[in-house]
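From first to last, the protein sequence lines are chains A and B.
Going by this note's numbering, the first residue of the first sequence is number 1, and it counts up by one from there.
Going by this note's numbering, the first residue of the second sequence is number 319, and it counts up by one from there.
Note sheet for the following structure.
Number of protein chains: 2
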Amino acid sequence: MFWDRFPLIKEEIIEFEDYLQSSLVSRQPLIQEAICDLAKSGGKRVRPALLMITAKFGEYKKKEVWSLAAALEVLHMATLIHDDIIDDANLRRGSQTVQAKYGKDVAVFAGDYLFTLTFDILAGEATQQQLKQVSKVIRQICEGEIQQHQDRYNLDVTYKGYFKRIKSKTALLFEGSCALGAGSAGLSKAQIRDLAHYGRYIGMAFQLVDDLFDFSKSSSSIGKPEGNDFTQGVYTLPILYTLYESSSGKKLAELLDDPVDNSQEIKEIITNNSALDYTMKIAKDYINKAKDRIKGLEGNPYHQILTDLADIVVNRDY
Amino acid sequence: MFWDRFPLIKEEIIEFEDYLQSSLVSRQPLIQEAICDLAKSGGKRVRPALLMITAKFGEYKKKEVWSLAAALEVLHMATLIHDDIIDDANLRRGSQTVQAKYGKDVAVFAGDYLFTLTFDILAGEATQQQLKQVSKVIRQICEGEIQQHQDRYNLDVTYKGYFKRIKSKTALLFEGSCALGAGSAGLSKAQIRDLAHYGRYIGMAFQLVDDLFDFSKSSSSIGKPEGNDFTQGVYTLPILYTLYESSSGKKLAELLDDPVDNSQEIKEIITNNSALDYTMKIAKDYINKAKDRIKGLEGNPYHQILTDLADIVVNRDY
């Protein structure tokens, strides 16, 4: 498994998996089936892991940490289900999505169920402040999703708009995981801020690399259809960079008029330009910022894990 | 307005409306627009009113009560938005639905946003127990919605299945409003239970009357398309009663094979049988049970409001 390389936390993440599965219950058989499918299709549990690791820098309150970690992972699952409705996606992590298997109607309410479960888990352990933190993150995710939807097929999306969008879509939940973990451990305000920024920056890099994979990877290796984003009018950094900085920008704009038919040609333009290198460079800049931000924690064994995780974000090929 | 007839609480409900509107904020312009549309299209704010009225039977903690009332109304709005996605509905309270105006994608995340806002409002004032109460209600609503979806076009739906479904769909939120109001006022366990049952029973009656209107009312008077339910395979009590108790049951089953084309004939069968009378009788039985349940509170001026409200549920023509 992914966490084999981190013996210091591997066991706890394996134990946590059982706890997470046991939180995912419903008396309605179809909901139970849908959320079990999703839970079992895996995922690396990066958000819970970040929460646990950042909580290890101070007084480790296992019960509180696990409850927060489960809540955030369940929330992440809820957003995946609703995301797949928007994207009309059939595959997620190589498995059929809830909406493909059970229909959009079930997907809407299965997602709602998980959203509610998030708060149900939190209601048991979280403080008022932690609840507010989580609900703020979710509201921003929703706002980001709708912004992304509104920006579709808009060739005038700015870099700023793109970075704001991936912040909402991905980075804020990474940031929230770290902030909640560090907060639970009773760290100083400055340390919490540093770890929260670490989370945000690796989240930005994570999404940049994902957006890059949309062009460089075959669909089978990432378990979802290739070129999904631009064929649906969602323009990521490789597209924006080529549009604005390359001599092929005008040609690309024309091809994007009919993205499905021109999909192969669009990909060739993007890969033949320096757009993917540029995107990777920006991702690596974020990783460097992330590592810089937690320099003050050097010496602690969990600092090494965070540094290694940051490197993996940009060196992964999955 | 609806509350003109109840001077004892009318002013507070008017004041509360501003508070509710001010809770409905988003920095994302499209979400803001969508939720404003919905909020302004009105509704009688029955759930907040029930919460306030039941809270008047003891020590009235206005700040807590308003926060709970706003949370439940926002939750109700969230379920309406997601409901309309499932039902493919174009009209709600005579106005275009969020999904009809902005598309399903926006509707999914605007609903999620409101779900989250519910918990955000609660995080400020509610106790852990109140949070758990609300999240339990939402989970049951989600389970009920999925059950309803699964039962579509199933001619073997039982009465029991139907009553369970309308309990989840409508009655539990009425029950929750009353339970939270009574709980906040520090009433005895028995009183809280009585008021909660009052809420559940009028909620059951409310949904029964709604289901009856599906056959007896023109679409313009209830602000939504007529005969919506059975054309989508959702069989309510008038249908079930005719199927199981009437000599036209077999004929009806055949007609339901093609409910859209046979819509007029189906309605005639239902209205020419005693199905609507039967449905109204069951609704009135619930209203009597509701009033019985709160007999112990007689003498209190708010008891009169609850009794009058119960009567209105079955005597309304909107």
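All residues carry an ideal CB built from backbone N, CA and C; glycine is no exception.
In this text, all values refer to a predicted model and were calculated from it rather than measured experimentally.
Between the CA atoms of residue j and residue i - distance to the nearest angstrom
{"i": "E544(B)", "j": "M598(B)", "result": "Confidence in E544(B) is poor, its pLDDT being 49 and thus under 50, which makes the residue's placement too unreliable to answer from."}
{"i": "R518(B)", "j": "I557(B)", "result": "23 Å"}
{"i": "Q525(B)", "j": "L393(B)", "result": "18 Å"}
{"i": "E59(A)", "j": "T476(B)", "result": "55 Å"}
{"i": "R511(B)", "j": "G499(B)", "result": "11 Å"}
{"i": "L20(A)", "j": "V65(A)", "result": "12 Å"}
{"i": "M522(B)", "j": "F215(A)", "result": "54 Å"}
{"i": "I269(A)", "j": "L155(A)", "result": "16 Å"}
{"i": "K416(B)", "j": "K422(B)", "result": "Correcting the residue type first, residue 416(B) is Val in the shown sequence and not Lys. Approximately 8 Å between the Cα atoms of the pair."}
{"i": "E563(B)", "j": "I630(B)", "result": "29 Å"}
{"i": "K56(A)", "j": "S23(A)", "result": "23 Å"}
{"i": "Y306(B)", "j": "E329(B)", "result": "The structure shown has nothing for residue 306(B), since chain B only spans 319 to 636."}
{"i": "I331(B)", "j": "L490(B)", "result": "22 Å"}
{"i": "I612(B)", "j": "A628(B)", "result": "11 Å"}
{"i": "I166(A)", "j": "P619(B)", "result": "55 Å"}
{"i": "I320(A)", "j": "A126(A)", "result": "The structure shown does not extend to residue 320(A), since chain A is modelled only from 1 through 318, so no value can be given for it."}
{"i": "L637(B)", "j": "F548(B)", "result": "Coverage of chain B is limited to positions 319 through 636, which leaves residue 637(B) absent and any answer about it impossible."}
{"i": "Y431(B)", "j": "C354(B)", "result": "13 Å"}
{"i": "A428(B)", "j": "I399(B)", "result": "8 Å"}
N- and C-terminal bounds of the alpha helix (DSSP H) containing residue i
{"i": "A196(A)", "result": "K189 to S216"}
{"i": "V632(B)", "result": "P619 to N633"}
{"i": "M598(B)", "result": "A593 to R611"}
{"i": "R470(B)", "result": "R470(B) -> no alpha helix (DSSP H), and no H or E assigned at all."}
{"i": "F174(A)", "result": "L172 to S184"}
{"i": "N590(B)", "result": "S581 to N590"}
{"i": "E443(B)", "result": "K422 to E443"}
{"i": "P29(A)", "result": "P29 to K40"}
{"i": "E245(A)", "result": "L237 to E245"}
{"i": "F335(A)", "result": "Outside the shown range of chain A (1 to 318) lies residue 335(A), about which nothing can therefore be said."}
{"i": "G249(A)", "result": "G249 to L255"}
{"i": "R365(B)", "result": "V364 to A373"}
DSSP three-state assignment for residue i, whether helix, strand or coil
{"i": "L393(B)", "result": "helix"}
{"i": "L342(B)", "result": "coil"}
{"i": "L409(B)", "result": "strand"}
{"i": "Q550(B)", "result": "coil"}
Any C-beta of chain B under 8 Å from that of residue i
{"i": "D105(A)", "result": "yes"}
{"i": "R320(A)", "result": "Not covered by the structure: residue 320(A). The range shown for chain A is 1 to 318."}
{"i": "D311(A)", "result": "no"}
{"i": "R27(A)", "result": "yes"}
{"i": "H149(A)", "result": "yes"}
{"i": "L30(A)", "result": "yes"}
{"i": "I307(A)", "result": "The sequence shown places Thr at residue 307(A), not Ile. Taking Cβ atoms only, chain B never reaches closer than 8 Å to T307(A), which makes this a no."}
{"i": "S274(A)", "result": "no"}
Expected contact under 8 Å - CB spacing of residue i and residue j to nearest Å
{"i": "A123(A)", "j": "L449(B)", "result": "4 Å"}
{"i": "A389(B)", "j": "T434(B)", "result": "Contact doesn't hold; Cβ gap of about 11 Å is too wide."}
{"i": "Q28(A)", "j": "E461(B)", "result": "4 Å"}
{"i": "I146(A)", "j": "L386(B)", "result": "Going by Cβ atoms, the distance from I146(A) to L386(B) rounds to 27 Å, so no, they are not a contact pair."}
{"i": "A367(B)", "j": "D402(B)", "result": "Incorrect: roughly 23 Å between the Cβ atoms, too far for contact."}
{"i": "I605(B)", "j": "V632(B)", "result": "5 Å"}
{"i": "I327(B)", "j": "I584(B)", "result": "Between I584(B) and I327(B) the Cβ distance is about 41 Å, and since that is not below 8 Å, they are no contact."}
Any chain A beta carbon closer than 8 Å to residue i
{"i": "V426(B)", "result": "yes"}
{"i": "Y431(B)", "result": "yes"}
{"i": "T372(B)", "result": "no"}
{"i": "R457(B)", "result": "yes"}
{"i": "H394(B)", "result": "no"}
{"i": "Q446(B)", "result": "yes"}
{"i": "F375(B)", "result": "no"}
{"i": "L449(B)", "result": "yes"}
{"i": "F437(B)", "result": "yes"}
{"i": "A571(B)", "result": "no"}
{"i": "A441(B)", "result": "yes"}
{"i": "I353(B)", "result": "no"}
{"i": "I464(B)", "result": "yes"}
{"i": "E391(B)", "result": "no"}
{"i": "I404(B)", "result": "yes"}
{"i": "S495(B)", "result": "no"}
{"i": "S341(B)", "result": "no"}
{"i": "T434(B)", "result": "yes"}
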